Amino acid sequence: MLIVMEKNTSKDTIQAAVTAIEKRGYTARPIPGGDRVSIGILHNKGSVDAAHFLGLEGVKEVISVTKPYKLVSREFKQENTRIKVGDAVFGDGSFPVIAGPCAVESETQVLSIAKSVKDAGAKLFRGGAFKPRTSPYSFQGLGKQGLKLLATVREETGLPVVTEVMDVENFSLVEDYADVVQIGTRNMQNFSLLRRAGKSSRPVVLKRGLSATLQEWLMAAEYIMEEGNNNIILCERGVRTFVRHSRNTLDLSVVPAAKKETHLPIIVDPSHAAGVRNQVIPLACASAALGADGIMIEVHNHPEEALSDGAQSLYPDQFIAVMKKINAIHAIVRE
Ligand code: PEP
Ligand code: MN
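Be aware that the sequence shown starts at 749, since it is given in the working numbering, and climbs by one per residue.
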């Protein structure tokens, strides 16, 4: 249930409403909006009687929420959530680009890639230090040493860094180094990890599970938000289908569908969807045309020598070319 307060209600009146809700044994979560505050009622078992709250001072209306997710839903919050990281804002109609290698491999590698993607207009750098690999024999990432190299990238280029956290055990370590923590596809329903991310002060990129429905994905985001972290960026990265011509199938239609259901920003990762670099460029262009809130793209200075995902990593020159196309497309579609 959502309690919508009158415009410009004082802090004291909002607090009084929160206290009244909590006295009935519910959790009250104020949600600031453009010109008014709403209060979400959480942890109710069964329906809540609207009559209890309609008479409270400052209450404009009481709306029952029909979705299984609450905090992430548009019913709870109409305005888009905007998440600022460095120079980038996700969710304000702009199209920030996150770029970098699949995995952090060496200082020379990350600095070379970071400089070229920054020059081309990327606003954040990506690179995995803890890599979730299908095979236990594949390169697993440099771990803490990789995080340190990401810190070097930030110092040298000023770019904020996004990196994956794979488990609760390493969460504190990763959040010490990362500006944005990423929860990968394989962990989308790792509920203890989601709860830990909810306690973090870092924004979270939450990738869609390999075969997750939009509803399952939003429920995963709800876990994070329920713990108090509102800064969640959804990332569509392709889902598993029957096709063999690409690694996964980029579900472009989930972008408008998600925008209808949630106020959270949604970006697209064409690299993991495509699996091969020649498809990454058109899919990146499509993502810009679609009105997504940004993109995450893999770039490598020597893709043929990459320790992971070389086949889908763009050469720096290709990245420059795709940035030009993306900017031109975004300029047309931007509202
Ligand atoms: C990644 O971004 O490095 C990654 C492993 O992606 P995903 O979780 O989408 O497979
Ligand atoms: Mn990768």
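C-beta: ideal position from N, C-alpha, C; glycine also.
Owing to the predicted nature of the structure, the values given are computational and were not obtained by experimental measurement.
- Query: Apart from the five residues on each side of it in sequence, which residues of its chain come closer than 6 Å, Cβ to Cβ, to E964?
  - Reply: Mapped onto the sequence shown, residue 964 falls at position 216. Shown here for E964: not one same chain residue has a beta carbon closer than 6 Å to its own, the five before and five after excluded.
- Message: Give me the DSSP bridge partner(s) of Q930.
- Response: Locating residue 930 in the sequence shown gives position 182, counting from the first residue. DSSP, once it has assigned bridges, lists E912 and V953 as partnering Q930.
- Task: Would you check if there are 3 or more beta carbon pairs closer than 8 Å linking the stretch 1017-1036 to the stretch 813-828?
- Result: No contact exists between the stretch 1017-1036 and the stretch 813-828.
- Span of the beta strand (DSSP E) holding V734? Residue numbering for the chain in the displayed model covers 749 to 1083; residue 734 lies beyond these limits and cannot be assessed.
- Item | Runs of alpha helix (DSSP H) lying entirely within the stretch 789-820, each at least 4 residues, in chain order | Listed in chain order, they are 799-802.
- Message: Between the alpha carbons of P849 and A926, how many angstroms are there, rounded?
- Response: The residue given as residue 849 occupies position 101 in the sequence shown. The residue given as residue 926 occupies position 178 in the sequence shown. Between P849 and A926, the C-alpha separation is close to 15 Å.
- Message: Give the list of continuous alpha helix (DSSP H) stretches no shorter than 4 residues that lie fully inside the stretch 942-1000.
- Response: With a minimum length of 4 residues, the continuous alpha helix (DSSP H) runs that stay inside the stretch 942-1000 are 962-974.
- Going straight from the alpha carbon of N935 to that of P1004, what length do you get? As a first step, residue 935 is located in the sequence shown; it is residue number 187 there, counting from the start. As a first step, residue 1004 is located in the sequence shown; it is residue number 256 there, counting from the start. Within the model, the alpha-carbon separation for N935 versus P1004 is close to 24 Å.
- Message: To the nearest angstrom, how far is the alpha carbon of E801 from that of K1008?
- Response: Within the sequence shown, numbered from 1, the residue matching residue 801 stands at position 53. Within the sequence shown, numbered from 1, the residue matching residue 1008 stands at position 260. Looking at the sequence provided, one finds Phe at residue 801 rather than Glu. Taking the straight line from one Cα to the other gives about 28 Å.
- In chain order, which alpha helix (DSSP H) runs of at least 4 residues are fully inside the stretch 847-880? Runs of the alpha helix (DSSP H) lying entirely within the stretch 847-880 and spanning at least 4 residues, in chain order: 855-868.
- To which residues of the same chain is A968 closer than 7 Å at the C-beta, ignoring the five residues directly before and after it? Here residue 968 is taken as the residue at index 220 of the sequence shown, counted from 1. If we look at A968 and ignore the five residues flanking it on each side, its Cβ neighbours are M936, Q937, L942 and L954.
- Pick helix, strand or coil for S842, following the three-state DSSP scheme. In the sequence shown, the residue the question calls residue 842 occupies position 94. Looking at S842 - three-state DSSP - the assignment turns out to be coil, as it is neither helix nor strand.
- Item | V1024 - DSSP class collapsed to helix/strand/coil | Taking the first residue of the sequence shown as 1, we reach residue 1024 at position 276. Shown here, V1024 sits in coil according to DSSP, grouped into three states, outside any helix or strand.
- Message: Could you tell me the alpha carbon to alpha carbon distance between E1053 and V1047, rounded to whole angstroms?
- Response: Start at 1 with the first residue of the sequence shown, and residue 1053 comes out as number 305. Start at 1 with the first residue of the sequence shown, and residue 1047 comes out as number 299. Roughly 12 Å between the two C-alpha positions.
- Taking Cβ to Cβ, would you say V852 is nearer than 8 Å to G894? Against the sequence shown, residue 852 aligns to sequence position 104. Against the sequence shown, residue 894 aligns to sequence position 146. Against a cut-off of 8 Å, the Cβ pair of G894 and V852 comes out as a contact.
- Query: Would you report the Cα separation of A776 and P1051, rounded to the nearest angstrom?
  - Reply: Numbered from its first residue, the sequence shown carries residue 776 at position 28. Numbered from its first residue, the sequence shown carries residue 1051 at position 303. Approximately 50 Å, taken between the alpha carbons.
- By the 10 Å Cβ neighbour count, where 16 or more other Cβ atoms means buried, how is A1036 classified, buried or exposed? Here residue 1036 is taken as the residue at index 288 of the sequence shown, counted from 1. Classification of A1036: buried, given that the 10 Å Cβ count is 16 or more.
- Task: Can you check DSSP and say which residues form a bridge with V752?
- Result: As a position in the sequence shown, residue 752 is number 4, starting the count at 1. According to DSSP, which records beta bridges pairwise, V752 is partnered with S786 and E809.
- Let me know if L1031 comes out buried or exposed under the rule of 16 or more other beta-carbons within 10 Å of its beta-carbon. Residue numbering aside, residue 1031 sits at position 283 when the sequence shown is read from its first letter. By the Cβ neighbour-count rule, L1031 is buried, with 16 or more other Cβ atoms within 10 Å of its own.
- Message: Please classify D1065 as buried or exposed, where buried requires at least 16 neighbouring CB atoms within 10 angstroms.
- Response: Numbered from 1 along the sequence shown, position 317 holds the residue referred to as residue 1065. Result: exposed.
- Please state whether DSSP places T900 in a helix, a strand or coil. Along the sequence shown, read from residue 1 onward, the residue named residue 900 stands at position 152. In the three-state reduction of the DSSP assignment, T900 falls in the helix class, which pools H, G and I.
- Task: Over the uninterrupted beta strand (DSSP E) stretch that includes P1051, give me the two end residues.
- Result: Working through the sequence shown from its first residue, we reach residue 1051 at position 303. Premise fails: P1051 is in no beta strand (DSSP E) and is neither H nor E.
- Cβ-based burial, V1081 [other Cβ within 10 Å; buried from 16]: Locating residue 1081 in the sequence shown gives position 333, counting from the first residue. When all chains shown are included, V1081 counts as exposed.
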